[in-house]
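Working notes, structure below.
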Amino acid sequence: LARMLLERGELAEAETWYRRASKAGSTLAMHNLGWLLENRGESAEAEVWWRRAAEDGSDFAMNSLGWMLMERGELAEAETWLRRAAENGTTLAMYSLARMLLERGELAEAETWYRRASKAGSTLAMHNLGWLLENRGESAEAEVWWRRAAEDGSDFAMNSLGCKLMERGELAEAETWLRRAAENGNTLAMYNLGWLLEDRGELAEAETWLRRAAESGEVLAMRHLARTLEQRGESAEAETWHRRAAEAERASGQ
1 LARMLLERGE
11 LAEAETWYRR
21 ASKAGSTLAM
31 HNLGWLLENR
41 GESAEAEVWW
51 RRAAEDGSDF
61 AMNSLGWMLM
71 ERGELAEAET
81 WLRRAAENGT
91 TLAMYSLARM
101 LLERGELAEA
111 ETWYRRASKA
121 GSTLAMHNLG
131 WLLENRGESA
141 EAEVWWRRAA
151 EDGSDFAMNS
161 LGCKLMERGE
171 LAEAETWLRR
181 AAENGNTLAM
191 YNLGWLLEDR
201 GELAEAETWL
211 RRAAESGEVL
221 AMRHLARTLE
231 QRGESAEAET
241 WHRRAAEAER
251 ASGQ
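By the UniProt record's numbering, the letter at position 188 of the sequence shown is numbered 188, and the numbering carries on one by one without gaps.
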């Protein structure tokens, strides 16, 4: 009932029923109540319910608690919960654990968990596994995983695959994947599609995509658009985009 109410947007009554079910011992309700609270900014109480559900054996809650702790920098406890959930077969926990291991340079074990999550169907894991392989020179297998993730609907993988094809000169297929990702709202794909179109002289459509990417916050597109405008003599608007790019870089700590 709570889930049905939540899907209908009746949050107050959904919360009432989630709380009743949670107090009766439902770990699924505890987990969902935690997300309801987290999504409205009540992280402290969300953690209470995720921790209780995790301690009662919920793999979903172990993953959510681990994710929260990881975001907070409490990496030792985060790893404990993510590893428990991953070893119990939770695909998202496998991905999160792999990401944590990758960030601290434990590439071999990160790859193991990315592979397990990829084989279980995680497109996020497929995409990141592709980059791990690409960065060590195994481009052929990287492309296999990017293609599989792209075919399963990952915009990130569509963009990565499109860029790889563009580098190889396979521009028709590159455009297909970049356009799909761009039309799905991926700002980096918008930028890359704009670059591809510009290179073959389709300047009007190229600028359309560069503007969409820039207006969506993509710094690379802001810089590229600014240079394009400078070359056309439109220095005032070019300066605006240079300034916006600099502000975005400062805000993100780049």
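All C-beta atoms, glycine included, are put in the ideal place defined by N, C-alpha and C.
Collapsed DSSP secondary structure at residue i in the structure displayed
i       : result
Gly-233 : coil
Thr-240 : helix
Ala-86  : helix
Glu-15  : helix
Glu-218 : coil
Arg-168 : coil
Ala-24  : coil
Asp-59  : helix
Ala-226 : helix
Arg-40  : coil
Ala-149 : helix
Own chain residues within Cβ distance below 6 Å of residue i, not counting five before or after
i           : result
Ser-122     : Thr-91, Tyr-95
Ala-181     : Asp-155, Met-158, Asn-159, Ala-189
Thr-187     : Ala-213, Ser-216, Glu-218
residue 281 : Because the chain in this structure spans residues 1 to 254, residue 281 falls outside the shown range and cannot be described.
Trp-145     : Met-126, Leu-129, Gly-130
Supposed close pair residue i, residue j - CB separation, criterion 8 Å
i       : j       : result
Ala-214 : Ala-204 : The pair is not a contact, with the Cβ atoms about 16 Å apart (cut-off 8 Å).
Leu-132 : Leu-107 : 7 Å
Leu-101 : Trp-81  : Incorrect: roughly 14 Å between the Cβ atoms, too far for contact.
Ala-226 : Ala-245 : 7 Å
Same chain only: Cβ atoms within 8 Å of residue i, ignoring 5 sequence neighbours per side
i       : result
Leu-171 : Leu-165, Leu-196, Arg-200
Same chain only: Cβ atoms within 7 Å of residue i, ignoring 5 sequence neighbours per side
i       : result
Asp-152 : Thr-123
Asn-184 : Asp-155
Tyr-18  : Ala-2, Ala-29, Asn-32, Leu-33, Leu-36
Stretch pair the stretch 25-37 + the stretch 51-64: three plus CB contacts closer than 8 Å: yes
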